[in-house]
Amino acid sequence: MILAMALGFAALQTTQDSGKARRVAPAENPANWVTDDDYPAEALRQDQSGTVGFRLLIGSKGEVTGCEVTSSSGSSVLDQASCSLLSARAKFKPALDASGKPIASQFNSRFTWKIPPTVPEAIENWYIAATVQVSEEGVPLSCAPESSGKHGKMGYDPCSAFRLGTPSPFLAEVTGINGKTYTFVAESALVFDGFGAAPDFRYLKPGHRLVALKETRFEVSETGAVEKCEDLPTGKEGVLAKFPSICGDQRASFAPAQTTDGKPRRVTAMVWTIASVTAE
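Throughout the sequence shown, residue numbering follows the numbering used here, covering -18 to 261 in sequence.
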């Protein structure tokens, strides 16, 4: 499990059970409230971990009615994910007063986000894209994701960078739109040498104007380690220049490519990250 849950739980309103009184208690195993699959992708990419202290407000039916971070993990992403997940999943046996009547209470505890062990990814090409409809004011109105292949740690949810209905600082840097509605397309692809051709990028099609292009090259060694990772200058990085390099992710590893006789071999890979807009 990624979460080491502290079991020294204590409700604030009583220190011990007395008569019919009862402290609030988990109705199920707290370790099931958050799983490995819940680790926020952004926190993984930034190698963030840490212990979160929290206080849950519990209603008289055992439901979570509120959550407060009492001690930060050092990562706002992990702190927010903690309260979001606990509020949605945690269930309790409500506290009882001296007459045995269910009452509202509070529940304090903490747990630690631990980055899961790295599982080697398969040598497989992938492609992801997000098609975003943008208003005249530069506000994303809708986002349609698409993908092919199995993208792992180097991939991401293509629509996660856009909050619908909220002005986007990223889109604000897209120039030449002149106050018109438009379609913004973000694309990313990983292609291994000898494992198929690059995808049919949308930005190359008629009606699209290139906004930014970023290229990264790396090698996967005979042991599956990522080596010689470097961003290649394109002169067209534009709005993508401020994005962190995938070369900073030291956890990525792959199941080694193999020769025809089954021996591990080194392979080169290219990653493209592209932004384009349709003709205005």
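Even for Gly, the Cβ is constructed at its ideal location relative to N, Cα and C.
This one's a predicted model, so the numbers in the text were calculated from it and none came from an experiment.
Less than 8 Å separating the beta-carbons of residue i and residue j?
i: VAL172; j: HIS189; result: no
i: TRP107; j: ALA71; result: no
i: MET251; j: GLU196; result: yes
i: VAL113; j: PHE143; result: yes
i: ALA238; j: VAL207; result: no
i: ILE104; j: PHE235; result: yes
i: GLY219; j: VAL248; result: no
Under three-state DSSP, which class holds residue i?
i: ASN89; result: strand
i: GLY160; result: coil
i: PHE224; result: coil
i: PRO7; result: strand
i: ALA257; result: Checking the sequence, you will find Ser at residue 257 rather than Ala. Correct three-state label for SER257: strand.
i: VAL58; result: helix
i: ALA24; result: helix
i: LYS1; result: coil
i: MET251; result: strand
i: LEU77; result: strand
i: PHE173; result: strand
i: GLY229; result: helix
i: LEU67; result: helix
Who does residue i pair with in a DSSP beta bridge?
i: ARG246; result: ALA238
i: ILE96; result: DSSP lists no partner for ILE96.
i: GLY34; result: SER52 and ARG91
The beta strand (DSSP E) with residue i in it runs from where to where?
i: GLN123; result: Per the sequence shown, the amino acid found at residue 123 is Ser instead of Gln. First-last of the beta strand (DSSP E) with SER123: 121 to 129.
i: ALA110; result: 107 to 115
Hey, quick one: how far does the alpha helix (DSSP H) through residue i stretch, first residue to last?
i: LEU194; result: Segment 189 to 201 is the beta strand (DSSP E) holding LEU194; no alpha helix (DSSP H) there.
i: LEU213; result: Premise fails: LEU213 lies in the beta strand (DSSP E), 207 to 213, not in any alpha helix (DSSP H).
i: ALA153; result: 150 to 153
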